[in-house]
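The sequence shown maps to residues 14 to 63 in my numbering.
Each residue gets a CB set at the ideal place from its N, CA and C atoms; glycine is no exception.
Values in this document were obtained by computation on a predicted structure and should not be read as measured data.
The structure appears right after this line, and notes come after that.
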Amino acid sequence: SWSPDGLHIAFASTRTGASEIYTMDWNGMNQRRVTNTGGAFSPTWSPRLR
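Right under this line is the structure:
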């Protein structure tokens, strides 16, 4: 899911064994996990980029 400003992407990944949400810059750099609960999928952005 692209951020409203087009600078970031939120996505789900199972790289830890559970589905978690990550964000990264538009160019694939600076990946960061933003959930830690498992079962997270289908991220969306709020108008305030949160």
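- If you draw a straight line from the Cα of residue 49 to the Cα of residue 38, it is about 20 Å long.
- In the DSSP annotation of this structure, residue 32 is not part of any beta strand (DSSP E), being labelled neither H nor E.
- Of the residues 58, 16, 54, the one whose Cα lies closest to the Cα of residue 31 is 54.
- Boundaries of the beta strand (DSSP E) harbouring residue 24: 21-26, taken from the DSSP string.
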